[in-house]
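What follows is a single structure, written as structure tokens, with notes after it.
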Amino acid sequence: MGFKKTSDTIAISFGVSESAANTYTEEEVALQLDVLNNEIFVVLAVDLNPSTPNLVPGSTTECRATCASTSSTSMQNLSNTNVLAEAALAIVGDPAAGGVGFTRAAEESPVARLDYIGLIATNNFFVAIKGTNNTNPKSVNGRVWGYRARADASTYAALVQSEVLSA
């Protein structure tokens, strides 16, 4: 690895609410990294807890949330390298039954016991929320666990370039 751990594990909590029902809303969470000393944030785990979608008979409703190392103008998923975690709750409408609930979430601790799930070299990460067919705004609460580390110059340059070019 081209970095050295410089702190104990840190937990960063956050909460984001839609600006209006069914509206993509993203907020920046500052990490306050020391960029002059090539400081990065090593992400160990992410927990996302989106609001329950509304039960609207005959309609499918959904509440999706993501945590990413770069900003986006629309909801992304794990196929985007910069997305660290995603979670989704849905109620699939059935006029006769009222609806059936479904949950989808990336695990907080990957089964493979990875050393880390992501590296953030820029000074922030982004949390997004978006509902579909809901009657009121939805929100997401969550937490990111990780630690600060100092990267060597070439590793830091590659990480920053990768984040900036893929944003």
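For the sequence shown, numbering that gives the first Met the number 0 gives the first residue as 0, with consecutive numbering after it.
Note that CB positions come from ideal geometry on N, CA and C, so glycine has one too.
Burial state of residue i (16 or more Cβ within 10 Å)
| i | result |
| --- | --- |
| D33 | exposed |
| S18 | exposed |
| T69 | buried |
| V143 | buried |
| L83 | buried |
| A150 | buried |
Bridge partner(s) assigned by DSSP for residue i
| i | result |
| --- | --- |
| I9 | G145 |
| E27 | F125 |
| T131 | E61 |
| L164 | L164 pairs with nothing; no bridge assigned. |
| V139 | V15 and P49 |
heavy atom of the ligand NAP below 7 Å from residue i C-beta
| i | result |
| --- | --- |
| D33 | You won't find the ligand NAP in this model; it holds no ligand whatsoever. |
Reference residue i, options the options, closest by Cα
| i | options | result |
| --- | --- | --- |
| T22 | A64, K3 and T5 | A64 |
| G130 | S153, G1, E162 and S16 | S16 |
| E85 | D7, V139, I11 and T60 | V139 |
| V91 | L113, M74, E61 and S78 | E61 |
| T5 | D151, R147 and Y155 | R147 |
| T154 | S78, N135, P56 and I39 | I39 |
| T51 | S78, R112 and L88 | L88 |
| T59 | N132, R149 and V159 | N132 |
| V28 | A127, A152 and E162 | A127 |
Presumed contact (8 Å Cβ cut-off) between residue i and residue j, rounded CB distance
| i | j | result |
| --- | --- | --- |
| L47 | G141 | 4 Å |
| Y115 | L43 | 6 Å |
| N122 | A20 | Not really, about 31 Å apart at Cβ, beyond 8 Å. |
| S165 | N36 | Not confirmed; about 24 Å, so no contact. |
Quick check for students: name the residue ranges of the beta strand (DSSP E) that lie wholly in the region 31-99, counting only runs of 3 or more. 38-49, 60-67 and 82-91
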